[in-house]
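Plus 35 on top of the position in the sequence shown (first one is 1) and you've got this note's numbering.
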Amino acid sequence: MTLIVALAAVVAVAAAARSTWSPCGLSMLSTITPMAERSRGRRWGLTAAWFILGATLGGATLGALAVACASVVGLLDLPARAVLGTAAVLALVTAGMDLGIGTRMPHHRRQVDELWLDQFRSWVYGIGFGFQIGTGLMTYIMTAAVYLTVMMAALTGSAVTAMALALLFGATRGAAILLGAGLTEPDRLRRFHRRFEALGPTVRLGVIGVQIAVAVVAAGA
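Encoded structure:
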């Protein structure tokens, strides 16, 4: 269903964007920068490419879960009305979780091991860090929209579409590393993080707004 796919894609991008404000996301934007990679004798562009690849692979791993759920939904052959109604309810529930209303969001308070930066080559920590972040569930979870992404992907009833949505989430999550492309000096790094952290509350509310909008659109349809 075109509408469900479109709504799921919006949720996937919003969830990935919000996840950048996690401790891991902020850490990556501090430790994998042109300045930091230069000090380690490595090329930032290459490390960033490995990171994005790893995040996309992480998205594929999340996609395996979405594909399994989508296969079940596909077998049920639910009418469009039921699918849209379910999507509306799920979006309201996850929005409530992010607002602290109703059911508490399941958290996973784990960060990547930054010791890897000194122990391994750039392609190892680039892919390794990216993969963990790209799964959406292996490190800090900043929004219930991550769970909604999987559920919306499942509601498409298509294994291919579910995987594509998960890959979109992972790739978007990984692409956040490109925000650090201009961080070549300590002063730029400090200014960037002050502005970036200040945006956190606004982005949080924006993602909640996206979930509510998805619920309204799905219910209206």
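For each residue, glycine too, the CB sits at the ideal point set by N, CA and C.
None of the values given here were measured: they were computed from a predicted structure.
Backbone secondary structure at residue i - three-state DSSP
i	result
S1	Lying before the first or after the last residue shown, residue 1 is absent from the chain, which here runs from 36 to 256.
M177	coil
R208	helix
M36	coil
T191	coil
G244	helix
G137	coil
A41	helix
L203	helix
L172	coil
A256	coil
Start and end residues, alpha helix (DSSP H) containing residue i
i	result
D133	A115 to L134
I67	Taken as a continuous stretch (DSSP letters only), I67 belongs to no alpha helix (DSSP H), as it is neither H nor E.
S157	S157 to G169
L152	W151 to Q154
Cβ-based neighbour list, residue i, same chain, cut-off 6 Å, excluding 5 preceding and 5 following
i	result
A130	I243, Q246 and I247
A43	M187, A188 and L200
L224	L218
T55	A211
S65	none
G258	Summary: the structure shown does not reach residue 258, with the chain confined to residues 36 through 256, and so no result is reported for it.
Neighbourhood of residue i by C-beta distance below 7 Å, restricted to the same chain and skipping five residues each side
i	result
L125	L183 and M186
R78	E72
G192	A105, V108 and G109
G93	G165, F166, Q167, I168, G169, T170 and G205
A161	In the sequence as presented, Ala is not what sits at residue 161; that position holds Gly. Hits under 7 Å: T82, W85, F86 and G89.
A256	L38 and L119
V40	T191 and T196
L202	T91, G94, A95 and G98
Contacting residues, own chain, Cβ-Cβ under 8 Å from residue i (five flanking each side not counted)
i	result
D133	M140, T178, A179, A180, R239, V242, I243 and Q246
V159	W151
A197	G98, A101, V102, C104, A105, A188, A189 and T191
G163	G89, V147, W151 and F155
E220	M70
Residue i beta carbon near the ligand GTP (any heavy atom closer than 7 Å)
i	result
D153	The ligand GTP is absent from the structure shown, which contains no ligand whatsoever.
Completely contained alpha helix (DSSP H) runs for the stretch 73 to 111, where each covers 4 or more residues: Fully enclosed alpha helix (DSSP H) runs of 4 or longer: 79 to 111.
Ordered list of alpha helix (DSSP H) runs contained in the stretch 211 to 240, each at least 4 residues: Listed in chain order, there is nothing to give.
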